[in-house]
Structure formats: C-alpha cells, structure tokens
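Report on one structure; see the data block that follows.
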Amino acid sequence: VAVWDVLGKRTPDDEWAVVGGIKAPDAEMALILAKETHFRHKEGVGYAVRRRGEDELHVGSYAPEVLGGVTDRSYRRQEAYTGVGGKHKRLAQEMAQRGLAVDRPRPPVGRMAPGLRVSPASVEAENAAEVPTEEEIASQGTAG
Amino acid sequence: MTYEERAAEFKGRIDAGEKIEAGDWMPDEYRLSALKFIEMHANSEVMGALPEREWIPRAPNLKRKLSLTAKVQDEVGHGQILYRVAEDLGKSREQMFDDLVNGRTKFHNVFHYPTYTWGDVAVIGWLIDGAALVNQKALLDASYMPYVRAMRRICPEESLHLRHGEELVLELVSGTPDQRQMFQDAVDRWWRPIMHFFGPPSKKRDMLIYWRIKTRSNESLRSEFFSTYVPKLWDVGITVPDENLAWNEELRDWDWSDPGWEDFWETIRGNGPMTSIRLAYRKAMWDTHAWVREVFAGIPEAA
Numbered sequence: 193v194a195v196w197d198v199l200g201k202r203t204p205d206d207e208w209a210v211v212g213g214i215k216a217p218d219a220e221m222a223l224i225l226a227k228e229t230h231f232r233h234k235e236g237v238g239y240a241v242r243r244r245g246e247d248e249l250h251v252g253s254y255a256p257e258v259l260g261g262v263t264d265r266s267y268r269r270q271e272a273y274t275g276v277g278g279k280h281k282r283l284a285q286e287m288a289q290r291g292l293a294v295d296r297p298r299p300p301v302g303r304m305a306p307g308l309r310v311s312p313a314s315v316e317a318e319n320a321a322e323v324p325t326e327e328e329i330a331s332q333g334t335a336g
Numbered sequence: 002m003t004y005e006e007r008a009a010e011f012k013g014r015i016d017a018g019e020k021i022e023a024g025d026w027m028p029d030e031y032r033l034s035a036l037k038f039i040e041m042h043a044n045s046e047v048m049g050a051l052p053e054r055e056w057i058p059r060a061p062n063l064k065r066k067l068s069l070t071a072k073v074q075d076e077v078g079h080g081q082i083l084y085r086v087a088e089d090l091g092k093s094r095e096q097m098f099d100d101l102v103n104g105r106t107k108f109h110n111v112f113h114y115p116t117y118t119w120g121d122v123a124v125i126g127w128l129i130d131g132a133a134l135v136n137q138k139a140l141l142d143a144s145y146m147p148y149v150r151a152m153r154r155i156c157p158e159e160s161l162h163l164r165h166g167e168e169l170v171l172e173l174v175s176g177t178p179d180q181r182q183m184f185q186d187a188v189d190r191w192w193r194p195i196m197h198f199f200g201p202p203s204k205k206r207d208m209l210i211y212w213r214i215k216t217r218s219n220e221s222l223r224s225e226f227f228s229t230y231v232p233k234l235w236d237v238g239i240t241v242p243d244e245n246l247a248w249n250e251e252l253r254d255w256d257w258s259d260p261g262w263e264d265f266w267e268t269i270r271g272n273g274p275m276t277s278i279r280l281a282y283r284k285a286m287w288d289t290h291a292w293v294r295e296v297f298a299g300i301p302e303a304a
C-alpha cells in the first residue's frame, strides 16, 4: 500500500506544509483518510495528499467552512470547555471558605520545579551502541 | 567516511539541536531507539483507549457519552498517526500490532489497571491525561521531526481531553458527598500508578536523552506534574495518599514518598491486573478484522 504525505494550510495565505502521513491504495482513499486522521477538528482551511516520491498534489474538495464538519460537534473542541478554569477557581474559593481545602506547602504561583530540558551532550554514553530494551522503553512516561 | 565518523557527525547534529527527517542518514542505534520509543507510544495510545471505552455504555448522560466516544476515537487516531511515523523507521504496522497483541512489545504501565467507577474515568481524563500532556509537550522539542509533527497534531487534542477530564472532576467534587467520595477513592486507587507513570529515577546514561528522542528526565517531568496538579487537587479538598508530599522551598522541588518499583516492573513485563484481558480483546479485534486489511491491501483494478 502506497505512502502519502498529508499537507495542510492553517490559513488561506499559508503555503502547503507537511503535517503527517497515511497509507492508502489510491488518491481518493488517501484524501478520505487524511481528512479523518488530520483534519477532524477544524485544524485548517485546506488539505491535500502527495504520493511519496511524486510531485502531483491531490487537493481535498472540502471548502474551509465545512472541513471538520458542519454538525454541532463542539464537544470535540476546546470552546466546549470554556469556563472550566474559572469554575475550578470559584470552587477552590468555596472549599477554602468551608475549610475543606488542603493547606500544605506548595510552590508559589507561577514557579515550577527546577531542571527542565536536559542537554543530550550531558549524557554519559560509554557505549553509544546501546539500545534500550523493550522494558526500559515501556518504563518511560509516554502514554496516550 | 567510516560509520563511526558518520555517527559522530550525526551526534553533533543532535547536540546542536538540529532536527532529523525520515530520509536522513542515521545510526542504527538512533533508528532502533526512536522506533522502539514511538512504537511503544503508539501501542499505549491504542491500549489506553480501552479503560475509557469500557465506560461509553455506562456514561451518565448523552453529553458525556458523546465526549467520551470522541476521546476514545482521538486516542486510537493518535495510535494510527504514530504507527505511520514508526513505519518509516523500518517496521511495518502489521508487525507492530502483531508484536503488541502477542506480548512481544509493551505498552504503558498505567493502562494495565481496572476501572471501577465513573470516578476512575475522571481520574484518567484529568490526572493521567495531564501526566501524558506534561510528557508529550516535552516531546515537541525532540530530535526526530516526523515525531515532532505528530506531537503538534496530538498535543492540542490531549489538551482538549484534559479540559474534558477537569470538567468531570469539578462535577464530582462539587456534587453530593457520595460523588466527592467516589472521586477521592479513585484518586487513592490511582495515585501509585500515577507516581509510576513517569518511570523510575533516570539513569545517568539515558540513551533516549543522548539521542534527544526524549528531552527531559523522569524526575523533572514528575515534578512538573506535582506543581501543576497537586495544588489544584488540594484546592478542591482532595487529598493524595502520600503524607510526605510537600513543596520543599529550600530545594525548590517536591518531597514525595518513593512508591516502590517491584510491581511496576511486573506490570511492564505484562503481569498487570488487566494486561491479559485487554491484550486478548485487542487480539480478538485484530483477528476478526483481518478481512478489512486484506481488502485494503488487495483492492483489484476495475474490470
């Protein structure tokens, strides 16, 4: 099955940019899969596929206003949850007034714990040919 | 140029912050490490959909059913995107899925546990998705550019899931005493798996950081999780089952209790409480849907 690059435009003035890839037997199916995989949540105004190794661009036919669907699927988008942060703050005030909030040492607002990025050059690698085992890989905190 | 010289040059690109594309030359160790890492991530997206999928029929109302269904679809979609990225590193999607359902490769420890109540759904939706987002935002700066593009696609959706989860939590903690207790019980149940989520203390020789496939230590990620979520839990009167958990102003970091790692490694090895059941489900789906893959692979030319 052929590999297709998926391209998109966030705004009408943007150039096409690669956003990912899919596998499909032909351009028609590639466009369907590209739309469902990469443009389901109104991520852009246009989409296209290009068979890997070829130049021809196959542009999706959905107009910007309908790409991502026209039925009410607001529960799939951020705007459906506007106000959640405010509700959390109001509830926190209420809990504090009722004496239910937990009063323990915590970082000052806006201060994160130290030590963010780690330079790859700082890692000791006595044997750069080492490849992590399946279990070591699975012990990392990368999850869905 | 010898292999070693090319590998050293490649490592120089990594250290300089350059991005690697799928078509670039790369050392076998980099390719294999990136493949394994992204494959495990894809496996975890697909397996991570199962604990929540179990609650779609039991969601308390239509709005929750719709949003949970959409979330499960998103997670499986993330798996599809990531398997595609991994395929370019030299392993077919079919082989990756076959390895997953037959236990040859692994998925994340946090998805090996049962869900008992709607409170568990709230914990997964807020705290576990929150932990995942802490990790995945750090991966936006990884060295393998196709993975970065995938994370640019995935992180906004995870951010949406987080809001969804936070809304579920607020609904429970502002509800009846029974609802509050349901959420508190779920936090108590999940706290240890969440502490395990970020993995054991990082090794000094972490090859994933060496190749900048990941960009931060397990400690730093766990600490950010504490700073972001623990105060919010405390604010709404929810405790966590760790008496030692507190911000240490002197160290400017968190004190916490080591959760112990024996059962963590057992879970990783495939001996978690729900491992065999969830893998059996995935295997059954894989087997019964083989015809779809066959149709896709062999669509005949029109007569």
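Keeping their order, the protein sequence lines are chains A and B.
Taking my numbering, the leading residue of the first sequence gets 193, the next gets one more, and so forth.
Taking my numbering, the leading residue of the second sequence gets 2, the next gets one more, and so forth.
Positions of the beta carbon are idealized from the N, C-alpha and C atoms, including for glycine.
(request) Going by DSSP, name the residue or residues bridged to V276(A). (result) Taking the first residue of the first sequence as 1, we reach residue 276(A) at position 84. As DSSP reads the structure, V276(A) sits in no beta bridge.
(message) Taking CB distances under 8 Å as the criterion, tell me whether A254(A) reaches chain B.
(response) Indexing the first sequence from 1 puts residue 254(A) at position 62. The sequence shown places Tyr at residue 254(A), rather than the Ala named in the question. The C-beta of Y254(A) comes no closer than 8 Å to any C-beta of chain B.
(request) Find out if the Cβ-Cβ distance for the pair K204(B), A330(A) is shorter than 8 Å. (result) Indexing the second sequence from 1 puts residue 204(B) at position 203. Indexing the first sequence from 1 puts residue 330(A) at position 138. No, these two residues do not count as a Cβ contact at 8 Å.
(request) Identify the contact partners of Y273(A) in chain B, using a Cβ-Cβ distance below 8 Å as the criterion. (result) Taking the first sequence and counting its residues from 1, one reaches residue 273(A) at position 81. By Cβ distance, chain B contributes L161, R164, H165, E167, E168.
(message) Please report the distance separating the alpha-carbon of R244(A) from that of R59(B).
(response) Here residue 244(A) refers to the residue found at position 52 when the first sequence is read from its first residue. Here residue 59(B) refers to the residue found at position 58 when the second sequence is read from its first residue. Answer to the nearest angstrom: the Cα atoms are 43 Å apart.
(message) Is L259(A) close to chain B? Criterion is C-beta to C-beta, closer than 8 Å.
(response) Here residue 259(A) refers to the residue found at position 67 when the first sequence is read from its first residue. Among the CB atoms of chain B, none fall inside 8 Å of the CB of L259(A).
(request) In angstroms with no decimal places, state the Cα-to-Cα distance between R265(A) and D130(B). (result) Locating residue 265(A) in the first sequence gives position 73, where the first residue counts as 1. Locating residue 130(B) in the second sequence gives position 129, where the first residue counts as 1. Cα to Cα, the separation comes out at about 21 Å.
(request) Return the bridge partner residues of K201(A) from the DSSP annotation. (result) Within the first sequence, residue 201(A) is the residue found at index 9, counting from 1. Secondary-structure assignment with DSSP links K201(A) through a beta bridge to G238(A).
(message) When you compare the CB of Q332(A) with every CB in chain B, is at least one pair closer than 8 Å?
(response) Taking the first residue of the first sequence as 1, we reach residue 332(A) at position 140. Output row for Q332(A): interface = yes.
(request) Report back the beta-carbon spacing between V294(A) and G176(B) to the nearest angstrom; my notes put them in contact at under 8 Å. (result) For this step, residue 294(A) is matched to residue 102 along the first sequence. For this step, residue 176(B) is matched to residue 175 along the second sequence. Contact between V294(A) and G176(B) fails: their C-beta atoms lie close to 19 Å from each other, not under 8 Å.
(request) Flag this pair as touching only if the segment 113-126 of chain B and the segment 87-99 of chain B have three or more C-beta atom pairs under 8 Å; answer yes or no. (result) As far as the Cβ criterion goes, the segment 113-126 of chain B does not touch the segment 87-99 of chain B, which means the pair count is below three.
(request) Measure the CB-CB distance between V211(A) and H230(A) and report whether it falls below 8 Å. (result) Here residue 211(A) refers to the residue found at position 19 when the first sequence is read from its first residue. Here residue 230(A) refers to the residue found at position 38 when the first sequence is read from its first residue. Less than 8 Å separates the beta-carbon of V211(A) from that of H230(A).
(request) Give a yes or no on whether the C-beta atoms belonging to G213(A) and V198(A) are separated by under 8 Å. (result) Residue 213(A) sits at position 21 when you count from the first residue of the first sequence. Residue 198(A) sits at position 6 when you count from the first residue of the first sequence. A contact, by the Cβ cut-off of 8 Å.
(message) Pull the bridge partners of K215(A) from the DSSP assignment, please.
(response) Residue 215(A) sits at position 23 when you count from the first residue of the first sequence. V195(A).
(request) Report all residues from its chain with a CB closer than 6 Å to the CB of A50(B); omit the five preceding and five following residues, and keep chain order. (result) Working through the second sequence from its first residue, we reach residue 50(B) at position 49. Excluding positions up to five away in sequence, the list reads V73, E76, V77.
(request) Give the C-beta separation of V258(A) and A240(A) to the nearest angstrom, bearing in mind that I take them to be a contact with Cβ-Cβ under 8 Å. (result) As a working mapping, residue 258(A) is identified with position 66 in the first sequence. As a working mapping, residue 240(A) is identified with position 48 in the first sequence. The Cβ separation is near 16 Å, so there is no contact.
(request) Could you check which residue in E40(B), W235(B), D259(B), I214(B) has the C-alpha nearest to that of E198(B)? (result) On the second sequence, residue 198(B) is found 197 positions in, with the first residue counted as 1. It is Phe, not Glu, that sits at residue 198(B) in the sequence shown. Nearest neighbour of F198(B) by Cα position, chosen from E40(B), W235(B), D259(B), I214(B), turns out to be D259(B).
(message) Assuming the contact rule is C-beta atoms closer than 8 Å, L222(B) and V135(B) should be a hit. Round their C-beta distance to whole Å, please.
(response) For the purposes of this step, residue 222(B) is taken as the residue at position 221 of the second sequence. For the purposes of this step, residue 135(B) is taken as the residue at position 134 of the second sequence. With a Cβ gap of about 5 Å, L222(B) and V135(B) count as contacting.
(request) Write down the C-beta distance between L69(B) and E53(B) rounded to the nearest angstrom, noting that I regard them as a contact closer than 8 Å. (result) One-based indexing of the second sequence puts residue 69(B) at position 68. One-based indexing of the second sequence puts residue 53(B) at position 52. 6 Å between Cβ atoms; contact.
(request) For chain A, find out if any of its Cβ atoms is closer than 8 Å to the Cβ of Y114(B); answer yes or no. (result) On the second sequence, residue 114(B) is found 113 positions in, with the first residue counted as 1. Taking Cβ atoms only, chain A never reaches closer than 8 Å to Y114(B), which makes this a no.
(message) Taking the alpha carbon of G261(A) as the reference point, which residue from H280(A), K227(A), G277(A) has its own alpha carbon closest?
(response) In the first sequence, the residue the question calls residue 261(A) occupies position 69. For the set H280(A), K227(A), G277(A), the Cα lying nearest the Cα of G261(A) is the one of K227(A).
(message) For the beta strand (DSSP E) containing A35(B), name the first residue and the last one.
(response) Residue numbering aside, residue 35(B) sits at position 34 when the second sequence is read from its first letter. Counting along the chain, A35(B) falls outside any beta strand (DSSP E), though it belongs to the alpha helix (DSSP H) covering 29-54.
(request) Determine the closest residue to V174(B) out of M287(A), K201(A), R269(A), with distance taken between C-alpha atoms. (result) As a position in the second sequence, residue 174(B) is number 173, starting the count at 1. Taking only the C-alpha atoms, the option nearest V174(B) is M287(A).
(request) Return the chain-ordered list of same chain residues with a C-beta closer than 6 Å to the C-beta of Q180(B), the five sequence neighbours on each side being excluded. (result) Counted from its first residue, the second sequence places residue 180(B) at position 179. Here Q180(B) has L173 as same chain residues with Cβ atoms under 6 Å from its own Cβ, once five neighbours each way along the sequence are excluded.
(request) Report the three-state DSSP secondary structure of I21(B) (helix, strand or coil). (result) Numbered from 1 along the second sequence, position 20 holds the residue referred to as residue 21(B). In this structure, I21(B) counts as strand in the three-state DSSP scheme.
(message) Once DSSP output is grouped into helix, strand and coil, what is the label at H290(B)?
(response) Within the second sequence, residue 290(B) is the residue found at index 289, counting from 1. Reduced to three states, the DSSP call for H290(B) is coil.
(message) Please give the ranges of any alpha helix (DSSP H) in the segment 136-218 of chain B, keeping only runs that are unbroken, at least 4 residues long and fully inside the region.
(response) Within the segment 136-218 of chain B, the complete alpha helix (DSSP H) segments at least 4 residues long are 146-174, 178-198, 208-211, listed from N- to C-terminus.
(request) Give the interface partners of K233(B) over in chain A, defined as CB-CB distance under 9 Å, in chain order. (result) One-based indexing of the second sequence puts residue 233(B) at position 232. Annotation: Cβ neighbours of K233(B) in chain A (cutoff 9 Å, chain order): H280, A284.
(request) Answer yes or no: does any C-beta atom of chain A fall closer than 8 Å to that of D99(B)? (result) To locate residue 99(B), count along the second sequence from 1; it is residue 98. No, D99(B) does not count as interfacial toward chain A.
(message) Helix, strand or coil for W127(B)? Go by DSSP, reduced to three states.
(response) To locate residue 127(B), count along the second sequence from 1; it is residue 126. Here W127(B) sits in helix by DSSP.
(message) Taking 8 Å as the threshold (beta carbon to beta carbon), is T229(A) in contact with chain B?
(response) What you label residue 229(A) is simply residue 37 of the first sequence in a count that begins at 1. By this cut-off, T229(A) is an interface position.
(request) Within 10 angstroms of the Cβ of L252(B), are there 16 or more other Cβ atoms? Answer buried if so, exposed if not. (result) For the purposes of this step, residue 252(B) is taken as the residue at position 251 of the second sequence. Classified as exposed, L252(B) has fewer than 16 neighbouring CB atoms from the shown chains inside 10 Å of its CB.
(message) Looking at Q270(A): is its Cβ nearer than 8 Å to the Cβ of L161(B)?
(response) Working through the first sequence from its first residue, we reach residue 270(A) at position 78. Working through the second sequence from its first residue, we reach residue 161(B) at position 160. In contact: Q270(A) and L161(B) (Cβ atoms closer than 8 Å).
(message) If contact is defined by three or more beta carbon pairs under 8 Å, each pair taking one atom from either stretch, is the segment 142-158 of chain B in contact with the segment 203-217 of chain B?
(response) Segments in contact, yes.
(request) Would you list the one or two residues that DSSP bridges to A209(A)? (result) To locate residue 209(A), count along the first sequence from 1; it is residue 17. In DSSP, A209(A) forms a bridge with G200(A).
(message) Buried or exposed, going by whether 16 or more other CB atoms sit within 10 Å of the CB of P194(B)?
(response) As a working mapping, residue 194(B) is identified with position 193 in the second sequence. By the neighbour-count criterion, in which 16 or more other beta carbons inside 10 Å mark a residue as buried, P194(B) falls on the buried side.
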